[in-house]
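Notes follow the structure.
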Amino acid sequence: MLLASLLVPAIFCANTASGAYVVPVADGSGGWADALAKAKALVSQMTLEEKLNITQQNNDFPRVGEVNRLGYTGLFYADGAEGVRGAPYSSAFPMALNGAGSFDRDLMYRRAVAIGQEARAKGINVQFGPGVNILRSPGAGRAFKYNGADPYLSGQAAAEHVKGVQSQGVMSTMRHYIGNEQETGRRWTSSNIDDRTAHEVYIWPFQDAVHAGVASTMCAYNGVNGSYACSNPTSLGKWLHEELKFQGWVMSDFGAIVQGQEVNSANAGTDTVIGATFTAYTDDFVQGFVYPFGPDSVLASAVANGTVSESRIDDMAHRIVSAWYKLGQDKEYPKLNTSVNALSQEHNDLIREIGSKSIVLLKNDDLLPLSGTQSLYVFGQAASVDLYGAPYPVSFAFSPDQDMGTFLGGQGSSYVTAPYAITLFQALQSHARAHSTQVFGYFDNFNHTNQAAYAAIANTAGAACLVDVRHTCSEGYDRENLTASWEGDETILSVASQCSNTAVIYSSCGPFNVSSWSDHPNVTAILDAGGLGQEAGNSLVDVLFGVVNPSARLPYTIAHKLEDYPALPDFEIQPLNTSFQDVEYTEGLFVDYRWFDKNGIEPAFEFGFGLSYTTFNYSNLNIQSSTANLNQYAPANSTELYDCLALVTIDVCNSGNLAGSEIPQLYIGSPADGAPIKALRGFDTVGLDVRAKKKVEFQLTRRDLSFWDTYNAGWTLPDGEYKVYVGASSRDIRETGTFSLLH
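Here the sequence shown stands for residues -19 to -1, 1 to 724, numbered as in mature numbering (1 follows the signal peptide of the UniProt record, and there is no 0).
So, in structure tokens, the structure goes:
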């Protein structure tokens, strides 16, 4: 068996007179040759000042680097993992995490197409997303922007997002590269990740986005192995540019260029900057709001004194302008007008569909689907508008306490101004009117005496009780605990103490604490809703009444207790003004369910878990693997990584009484030393009528089956027997098999 070598420090040869590392120039590979040639022809006609002007962005919606005399229009950026940031007449889509939870590539793609359509309608050239960091910590504040805890799932979602947004001629931006897995101390912490873990977990989804043709990358606030992400010659220069041969352009996160790192950032591969320079290890802008790049900047001075070459400035401009050409933005692209009405009934319907197909049914003791004529009592402030004074529909802003009503999605810089918001209570009222039944609501989360009293009335009347709670989450804050906000857990227990049929609807940006109430005998149904966007209530009603048969799966593990997770934010971290605070990724490859498997920890609900209103059988597992003598080694940018080396098929049959969709999942147990017991390497969405059967096919690529060999700096196929697990979740394995490859 080949043993995975220990971390080998990267060694960089100086290629400038000053000895500084300089990123390789774009070479047009991967389908970028024509766009790069056009960019070089245009940039060759620019002055140095015009080229420098391309490298600096100052505000939320500026035109960056236009050169009117040459017909280059420059770029407008928009934030927004859930739609176009802060602009009126834009849709509030379900969270990216919800899209991942659907485990439905087509749905992920259509969500991204719609976001791209709205961005293009407003003349926005660059839409920030996908976010593809890993949900390493269950309370990570930016988790709603990301695609869950598994690198394979995150990578598949990232690729669909890139293809969807860019199908509309809008540039997609993958972020936050790399290691931005917590918000606590994000400007002064260093994510310390060994080389193998970096490639197999944290770079993995970024590689999928690059392979899908992503136009730009946003580098992160944090350090990586002791050097800032936006000036790091290993993570940015070697991993992204040399190994992945990324041809697009790199921007900093807002203010992620630190004072004194401007030259290193440019030479390592940062091409343009958002915001001003920050002081190291603090949250303070440099006095005077100094801009690090642009015509009047440290970068301009560095070109004058030779520490940054003009050829590097040329490469910056080439990368940015080539993306403009590649996405066709040189041809009749709409002019910026953020007030353009991009709303449509088609997008409203899509948001409702994504929402319903991303709600995970965690528990169901024959309560759901609800009867159309059943009376309902609804509890919890998340079921209605904010009772405590915030305007509604809400804008997702920076304060996690600003929004206390129905949960649409995460807050922070990706906020979306929802054009409207359908609450659960509103949607249930519409249903009640249509079916001549009744629905009652009590939304005060803090009066548990009244909650119990009304629940007792509901129980006497034979009604079902719905409790809608949430956990607020926002960029800039990690969740210190996973209990429901505003006494939500106490609300659940108060209602369940009196009502024998209590359904809990829980909205959050990741895992939540179920330990105090999930096993309560009167809690007969649990739904993980995530953040459903503007059609939240309608999506929930579709699932509650069986209009949509739930099919979503958990994109993370829900533990019994906080201590079961492999990593938690260190909330004691404080800036020292002298050095990084180290965050050691000591769990290595064992994120989320891999950690639970390795340590024999029983989760409350495992990764990939989700119930349906019907049942499915699996049979006839078949594995065909390559019989050729294969080269064991392949570099990170080898096209061979996407060659199919094994084909796995299995029959899935709907054995229940309702039509529905199943999500069969394929996990691989690698013979490589130190590998997880199982790692996700395939999934599919299979819609089946009653008694229908379908043969599902999974193609396993060289990259799927390899481990990262740090000694050879490439992907290696290990010797030994591969184990194949196919099932309905990471723990619910229905069929197993093995195969070997010849080297």
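Positions of the beta carbon are idealized from the N, C-alpha and C atoms, including for glycine.
Beta strand (DSSP E) segment containing residue i, residue limits
i, result
"leucine 602", "597 to 606"
"tyrosine 546", "No beta strand (DSSP E) contains tyrosine 546, which DSSP labels as neither H nor E."
"tryptophan 689", "688 to 690"
"lysine 674", "674 to 682"
"asparagine 173", "170 to 173"
"tyrosine 2", "Per DSSP, tyrosine 2 belongs to no beta strand (DSSP E) and is neither H nor E."
"valine 528", "Taken as a continuous stretch (DSSP letters only), valine 528 belongs to no beta strand (DSSP E), as it is neither H nor E."
Residue i versus residue j: straight-line alpha-carbon distance, rounded
i, j, result
"glutamine 562", "asparagine 245", "21 Å"
"arginine 300", "tryptophan 230", "5 Å"
"residue 808", "methionine 155", "An answer regarding residue 808 cannot be provided, because it is not within the stretch -19 to 724 covered by the chain."
"lysine 675", "isoleucine 631", "8 Å"
"aspartate 670", "leucine 639", "7 Å"
"tyrosine 58", "glycine 97", "12 Å"
"serine 171", "valine 205", "5 Å"
"serine 25", "aspartate 295", "8 Å"
"threonine 198", "phenylalanine 227", "9 Å"
"glycine 194", "aspartate 545", "38 Å"
"leucine 447", "arginine 101", "40 Å"
"serine 600", "aspartate 500", "32 Å"
"valine 366", "lysine 126", "24 Å"
"serine 488", "threonine 398", "19 Å"
"alanine 124", "methionine 297", "30 Å"
"tyrosine 373", "glutamine 137", "Low confidence applies to tyrosine 373: its pLDDT is 45, below 50, so where it sits in the model is not reliable enough to give any reading."
"serine 380", "serine 455", "For serine 380, the predicted model reports a pLDDT of 47, less than 50, meaning its position is unreliable; a value from the coordinates is still stated below. Cα to Cα, serine 380 sits roughly 7 Å from serine 455."
"residue 726", "threonine 719", "The requested residue 726 is not part of the displayed model; the chain covers only -19 to 724."
beta-carbon residue i near the ligand ATP non-hydrogen atom, thresh 7 Å
i, result
"glutamine 432", "Only the bare structure without any ligand can be found here, which leaves the ligand ATP out of the picture."
Element boundaries [alpha helix (DSSP H), containing residue i]
i, result
"methionine 76", "That residue, methionine 76, is in no alpha helix (DSSP H); it is neither H nor E in DSSP."
"tyrosine 435", "429 to 441"
"serine 246", "243 to 249"
"aspartate 87", "86 to 102"
"valine 24", "14 to 24"
For residue i, three-class secondary structure by DSSP
i, result
"leucine 722", "coil"
"histidine 541", "coil"
"arginine 662", "strand"
"phenylalanine 187", "helix"
"valine 375", "Its pLDDT being 48, under 50, valine 375 is placed unreliably by the model, and the measurement read from it follows with that caveat. DSSP places valine 375 in coil when its eight states are reduced to three."
"glutamine 108", "strand"
"threonine 567", "coil"
"alanine 445", "strand"
"glutamate 702", "strand"
"serine 135", "helix"
"glycine 9", "coil"
"leucine 521", "helix"
"threonine 697", "strand"
"arginine 123", "coil"
"valine 366", "coil"
"glutamate 162", "coil"
"histidine 157", "strand"
"glycine 668", "strand"
"glutamate 141", "helix"
"arginine 460", "coil"
"threonine 178", "helix"
Candidates the options: closest to residue i by CA position
i, options, result
"glycine 668", "Ala102, Pro119, Pro531, Gly150", "Pro531"
"tyrosine 566", "Tyr90, Gln163, Asp87, Ala140", "Gln163"
"histidine 416", "Lys579, Ser356, Leu405, Ile554", "Ser356"
"residue 726", "Leu349, Tyr458, Leu686, Ser466", "Absent from the model: residue 726. The displayed extent of the chain is -19 to 724, so no value can be given."
"tyrosine 692", "Leu134, Pro616, Cys200, Leu56", "Pro616"
"tyrosine 623", "His192, Glu223, Leu592, Asn601", "His192"
"glutamine 680", "Leu628, Gly637, Leu698", "Leu628"
"leucine 543", "Gly207, Ala249, Gly120, Val113", "Gly120"
"threonine 472", "Ala261, Asn440, Gln362", "Gln362"
"phenylalanine 664", "Ala709, Thr178, Ser636, Ala673", "Ala709"
"tyrosine 306", "Lys21, Val564, Thr354, Leu647", "Lys21"
"leucine 722", "Gly695, Asp713, Ser651, Pro547", "Ser651"
"arginine 672", "Lys219, Gly527, Gly275, Ser636", "Ser636"
"isoleucine 105", "Asp131, Ala140, Gly64", "Gly64"
Starting from the N-terminal side, write out each stretch of the beta strand (DSSP E) that is 3 residues or longer and does not extend beyond the region 466 to 518.
483 to 488, 504 to 509
Run through the region 276 to 356 for me and flag every whole alpha helix (DSSP H) of 4 or more residues, listed as ranges in chain order.
279 to 286, 291 to 307, 326 to 337
Would you mind listing the alpha helix (DSSP H) stretches within the region 572 to 656 that are 4+ residues and don't spill past its ends, in chain order?
574 to 579
Length-filtered (4 minimum) alpha helix (DSSP H) runs lying within the region 26 to 69:
29 to 34
Residue ranges of each alpha helix (DSSP H) run of no fewer than 4 residues wholly in the region 383 to 425, ordered along the chain?
405 to 416
Return the chain-ordered ranges of every alpha helix (DSSP H) run that is complete within the region 180 to 225 and spans a minimum of 4 residues.
185 to 192
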